[in-house]
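Per our numbering, the sequence shown starts with residue 951, numbered consecutively.
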Amino acid sequence: FDYVHASVLSQPPPGAMQSPAMWHLLLALSSVGYAAASSDTFRTTPIQKVIEMLNGMLVKGKQEKHDEQVQFTAYKQFCDDTLAEKASAIKGGEGSIVKLKADIQKANMDAETAAQKIQECNND
């Protein structure tokens, strides 16, 4: 690999896709392949280091996504449980309200009956 080949590869062929990012990626990957093929001893090139860093970022991103999904699932379960608990408490409270209103109405009627009997006793 010499500088003549590098200058030829740095420009896209006529009529090729004109995406600079895609062309630079292709150039980088071909350089990595050439460097790996021409090296007798294992050396980490800057491109290989970038690829390692990107792979590390990918693994870290996937782990963070998984952790967030686990946390969200736990929070969603908490919300669902709390919702069911509160709905049950509201339903129970509504039943108590109906019963207590009936008890109040009965107590008011008993009070009126007692007040009438007292009035009758006072009139005698």
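Idealized CB from N, CA, C, for every residue including glycine.
The alpha-carbon separation between residue 1073 and residue 1047 amounts to approximately 39 Å. For residue 1023, the enclosing alpha helix (DSSP H) stretches over residues 996 to 1073.
Distance between residue 1018 and residue 996, taken at the CA atoms: about 32 Å.
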